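Chains as they are written, first to last, in this note's numbering: chain A, 1 to 387; chain B, 1 to 186; chain C, 1 to 350.
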Amino acid sequence: MSRPAAIVGIGQTKHKKRRDDVSLPGLVREAAQRALDDAELTWTDIDAAVLGKAPDPLEGVMMPELSMADALGAAGKPIMRVHTAGSVGGSTALVATHLVQTGVHDRVLTVAYEKQAEGNAQWGLAGGRSGGMGAGGIFAPWMRSYMARSGAPEHIGWMVAVKDRRNAAKNPYAHLQMPDLTIDDVKESPMLWDPIHWHESCPSSDGACAMVVTTEGGAARAPHPPAWVLASAMRSELGTFPGRDPVRPQAGVECAHMVYEAAGITDPRRQVDIAELYVPFSWYEPMWLEGHDIAGAGEGWRMVESGETQIDGSFPVNPSGGVLSSNPIGASGMLRFAEAAQQVRGRAGEHQVPDAKVGLGQAYGGAAQYFAMWVVGATLDAVDQKR
Amino acid sequence: MSDAKPEAPDDGSVRMMDYFMQLEYHEPLCPVVMRYADELLQGHVTGHKCPRCGLVYAPPRGYCPICVVETTDQDEVVLSDRGVIANYTVVTPVQYYGQQETEPFVRAGILLDGEGGMMNLQDVVEVPVDDVHVGMRVEAVWKPEAERSIEDVTNRSWGGAEGCIVGWRPTGEADVPAEQLQGRAF
Amino acid sequence: MEDIAIIGYAQSPSWRQADLTEPQFLFPVISDAIARAGIDRRDLGFTCAGSCDYLSGQTFAFVSNLEAVGAWPPISESHVEMDGAWALYEAWVRLQHGDIDLALAFGSGKSSPGDPAEIYPLQMDPYTITPLGADPVSLAALQARAMLDKGTLTEREMAETAARSRASAAGNPYAQVSGPSDVDALLREPYLTAPLRRHDLPPISDGACAVIMATADKARAVCERPVWIRGIDHRIEPHQPGMRDLTESLSTRQAGTHAGVGDKPVEVAELCATFSHQEKLLREALGLGDEVTVNPSGGPLAANPVMAVGLARIAEAARAISERGAQRAVAHATSGQCLQHNLVCVLEGG
């Protein structure tokens, strides 16, 4: 069976380099409590919890659903812990959504987090060894390849970096608050992984995101407008086989087409009002615009350059500030999904895109090999309205 | 373990506790990697060529994940130690526990001549970092035989040649046109 | 709920120390399960894996395991940082949508490279318990002590469980510790961590397990003897061992009730009793009488490939039905120390 699922509560923490004012459970409860409050539900209303986060060595706590069961109000309930690398926040939301869609549960709390200042993220990402590539080192050659293939001018990445930080200034939860960042600031910032500069890269953040997923009945009783899950998909591919193209991964193309088809979207550029895409390094914005067939080959960077992806453009990308402005790794995917949902609920505050009815959330992970995507709508027929 | 200083003023309240843990994992090299390591000691780069699809895996994994078939010594191929830089980045090192790098270092994917195979995450040496580019022809710089070591080779080696190959140096030959290599990450 | 059946399963042997890497010993297990199910790999609609980075000693360790699946062209798959039994649960939920009819779940792990006394304290509350260095054997010993003091268990019963498990394991080609033992001789052995002796502990094992599930129409079309999943549920308890009655498994009881264990007589139970004292505890939690055959495979005392051992209980329970003529079996998986998180699955023949 597959019945409609709705998001009726969304919460997130203030994302910061280091949240030394809360413990691990404290961080998670801050987001979860906000989601429950948004839904006007309590812990006892929840049937099951689904937790997601990136590798445990980032905090030094193994299988944290065990030690956080109480903090998540999960005693006596089922709890799952999803781990799909960078896409985990997205796939966690999907696992929670499936539980409601299939009738297993009626109200599911899903939380994704990272408190990476507890450990040393660079060490963790390096597998504990010297000479780690860092968060972006693996992707830098692929971004270089995109630039070469597409002929994109070098300032495209800098434009994305400025756009997302200016958007973040409208988002009180975002980690980086740099409303005055300029193209020159980005261009002149130190090189991290040639050709990617400091300001073109995501920060390392502590943060959490939570949502309450429920049924049509639950949505009808909710105090605020719900976001309806119109479609969802997960798609993965091998990361490192000879001849693989990681610049336009096939799994990403397929994942996008699966959600478009399921949602009834035939022209994403026209029918999607706002997209929250996982862009941890600036060039991934044009790369995903092309990699998910929103723009044609070599056209993604033109959408950036023309201003279409600005918050007041025709295809706003990452009005929340995106991963470039807040990156608690395990939560970032769920933040994309949640921000897309907030937009179609009309509850994105200062970074609200007017009249957003259809939103796209996307997360990726690993060697750009894991993809999770969803399409959310203000109504169940939001896409139909856009024929 | 953290390397960031707490932001809160010291008012006597306990806000952080340091917990430094050390875990040791001892995993013997699997036969495929052991043989690969032995060949490295002797100055050979070897890979496995899938008997079904012909893809060359360097270092070898003991299977072809595309065809989902086992590969064995029967499928071993000796690869060239000359090739071309197909992709690269220059990493500015971040300090963390265990980090030994202090200066920007190159990590390149070297597409090998002959049978093919791509050695990823390789160091490029004897050339200024700024001169490294896609299309540059390179050759392996081997450590003298007596100095070679495989003690850092693991079942999950990233680059797979540490301890035996110092890095890859330009041969001085004409570049391979970059357009021919644009797609090549693996 | 849709009727879902297990139509194929496979395991690797459990080794004290595998000389192959995890992806290397995993991929024939997956290929084998697919072959036994009589399906085409490309017909799988969803795959879910279970494994643990800290067990593997590497962040993102599960990424290499994807190479054992056949993930090119791309597939729909996910991963839980939990035993493969929970990967099976996620795949079972996915099949409920009705748009796909085949799913693969697997679990794998190598316990041999690391030291459990170093690793598992990290699984506990980091503020109050991890710093104590509370290792799995000590915590299990506390639980066994509580049962002994309560009078619900004797050391002889523990030794009998161990001896019976090893004897049963002689018939299991995948088991690691098997053969006859003399209970009195076992009881003469010194304690390792009182009241636990070596035979009360599981072995250190490397291994993998894979299970294929199908929706009803597909199962009937391709499988002679599908094993139906009549109920599946899991529950977690409060974390702090001091807050729980360690002599009972409330969450197993709850999961068993939700899964419908007591609806009809049970013939066989494969229980994840990692320590000998836990078998009796779990029997009681699930209301299993003496007529129920427990762990004919030998159970975790004979082979304990962490991250696959729970899924292997499901596979062995399925085997009891499809190969050994049982009609109704229960499988149990556990996570965390002292049975904090428990999954129960009820299986029936056609």
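Cβ coordinates follow ideal geometry from the N, Cα and C atoms, glycine included. A quick note: this is a predicted structure, and the numbers were derived from the prediction, not measured.
Cross-strand partners of residue i (DSSP beta bridge)
i	result
Ala231 (chain A)	A:Val375
Val141 (chain B)	B:Gly167
Val383 (chain A)	Looking at the DSSP assignment, Val383 (chain A) forms no beta bridge with any residue, so it has no partner.
Ser108 (chain C)	C:Ala208
Phe46 (chain C)	C:Ala103
Arg328 (chain C)	C:Glu348
Interface flag, residue i vs chain C, CB-CB below 8 Å
i	result
Cys30 (chain B)	yes
Pro6 (chain B)	With a pLDDT of only 49 at Pro6 (chain B), under the threshold of 50, the placement of this residue in the model should not be trusted, and no figure is reported.
Gln362 (chain A)	no
Tyr19 (chain B)	yes
Val68 (chain B)	yes
Met211 (chain A)	no
Ser2 (chain B)	Residue confidence for Ser2 (chain B) is low, a pLDDT of 40 falling below 50, so the modelled location carries little weight and cannot support an answer.
Gln101 (chain A)	yes
Under 7 Å by beta carbon: chain B residues contacting residue i
i	result
Gly114 (chain C)	Leu23 and Tyr25
Gln24 (chain C)	Cys30, Gly62 and Tyr63
Ile212 (chain C)	Chain B residues near Ile212 (chain C): none, gap ~15 Å exceeds 7 Å.
Pro131 (chain C)	Tyr19
Gly70 (chain C)	Val68
Gly60 (chain A)	Tyr19 and Met21
Cutoff 8 Å: residue i Cβ touching any chain B Cβ
i	result
Met191 (chain A)	yes
Asp185 (chain A)	no
Pro13 (chain C)	no
Met133 (chain A)	yes
Gly109 (chain C)	no
Ser138 (chain C)	no
Gly388 (chain A)	Summary: the structure shown does not reach residue 388 (chain A), with chain A confined to residues 1 through 387, and so no result is reported for it.
Trp301 (chain A)	no
Trp374 (chain A)	no
Phe46 (chain C)	no
Asp20 (chain A)	yes
Residue i: contacting residues in chain A (beta-carbon distance under 8 Å)
i	result
Gln182 (chain B)	Ser145, Ala148 and Arg149
Gln100 (chain B)	Ser130 and Gly131
Thr92 (chain B)	Pro190, Met191, Leu192 and Trp193
Neighbour list for residue i in chain C, Cβ cutoff strictly below 8 Å
i	result
Asn155 (chain B)	Thr21
Chain B residues whose Cβ lies nearer than 8 Å to that of residue i
i	result
Ser205 (chain C)	Simply none; closest approach about 14 Å.
Pro126 (chain C)	Tyr19
Closer than 8 Å to chain A by CB, residue i
i	result
Val127 (chain B)	no
Ala117 (chain C)	no
Arg15 (chain B)	yes
Arg16 (chain C)	no
Trp168 (chain B)	no
Ala161 (chain B)	no
Leu55 (chain B)	yes
Tyr88 (chain B)	yes
Pro226 (chain C)	no
Partners in chain B for residue i, counting only beta-carbon separations shorter than 9 Å
i	result
Arg107 (chain A)	Within chain B, no residue comes near Arg107 (chain A); the closest Cβ sits about 35 Å away, beyond 9 Å.
Gly38 (chain C)	Within 9 Å Cβ-Cβ: nothing; Gly38 (chain C) doesn't reach chain B, min ~17 Å.
Gly8 (chain C)	Within chain B, no residue comes near Gly8 (chain C); the closest Cβ sits about 16 Å away, beyond 9 Å.
Pro305 (chain C)	Near Pro305 (chain C) there are no residues of chain B at all, since even the closest Cβ is about 15 Å away, more than 9 Å.
Within chain A, the residues that residue i reaches when beta carbons sit closer than 9 Å
i	result
Gly109 (chain B)	Pro141
Contacts that residue i makes with chain C (C-beta to C-beta distance below 7 Å)
i	result
Ile85 (chain B)	Result: empty, since nearest Cβ-Cβ is about 25 Å, beyond 7 Å.
Gly127 (chain A)	Gln58 and Thr59
Chain-ordered neighbours of residue i on chain A, where CB pairs are closer than 7 Å
i	result
Val141 (chain B)	Per Cβ cutoff of 7 Å: no residues; Val141 (chain B) is ~17 Å from chain A at best.
Report the start-end ranges of each beta strand (DSSP E) in the stretch 91-142 of chain B that is 3 residues or longer and not cut off at the edges.
Counting only runs of 3+ residues, the beta strand (DSSP E) found wholly inside the stretch 91-142 of chain B occupies 105-112, 118-122 and 137-142, in chain order.
Report the residues of the stretch 214-246 of chain A with a CB closer than 8 Å to any CB of chain B, ordered along the chain.
Result list: Leu238, Thr240, Phe241, Pro242, Gly243, Arg244, Asp245 and Pro246.
Contact list for the stretch 76-105 of chain C against chain A, Cβ threshold 8 Å
Going along the stretch 76-105 of chain C in chain order, one finds Ser76, Glu77, Ser78, His79, Val80, Glu81, Met82, Trp86, Tyr89, Glu90, Val93, Arg94, Gln96, His97, Gly98 and Asp99 with a Cβ nearer than 8 Å to chain A.
Which whole runs of the beta strand (DSSP E) in the stretch 267-302 of chain C are 3 residues long or more, in chain order?
Annotation: the stretch 267-302 of chain C contains the following complete segments of the beta strand (DSSP E) (minimum length 3 residues), in chain order: 268-270.
Residues in the stretch 48-67 of chain C having any Cβ partner in chain B nearer than 9 Å:
From the stretch 48-67 of chain C, only Tyr54, Ser56, Gly57, Gln58, Ala61, Ser64, Leu66 and Glu67 have a Cβ closer than 9 Å to chain B.
Could you list the residues in the stretch 248-266 of chain A with a C-beta less than 7 Å from some C-beta on chain C, going in chain order?
Cβ contacts with chain C come from Gln250, Ala251 and Glu254.
What runs of the beta strand (DSSP E), each 3 residues or longer, lie entirely inside the stretch 247-316 of chain A?
Runs of the beta strand (DSSP E) lying entirely within the stretch 247-316 of chain A and spanning at least 3 residues, in chain order: 274-276.
Taking any Cβ of chain B, which residues in the stretch 315-336 of chain A have a Cβ under 8 Å from it, in chain order?
Those would be none; no residue qualifies.
Output needed in chain order: residues of the stretch 268-280 of chain C with a Cβ under 8 Å from some Cβ in chain A.
Listed by position, the residues of the stretch 268-280 of chain C near chain A (Cβ gap below 8 Å) amount to none.
Mind listing which residues of the stretch 228-250 of chain C have their C-beta closer than 9 Å to chain A's C-betas, in chain order?
Considering only beta carbons, the part of the stretch 228-250 of chain C lying closer than 9 Å to chain A consists of Asp233, His234, Arg235, Ile236, Glu237, Pro238, His239, Gln240, Met243 and Leu250, in chain order.
Closer than 9 Å between beta carbons: that is the criterion. Which residues of the stretch 330-345 of chain C meet it against chain A?
Within the stretch 330-345 of chain C, the qualifying residues are Ser335, Gly336, Gln337, Gln340, His341 and Leu343.
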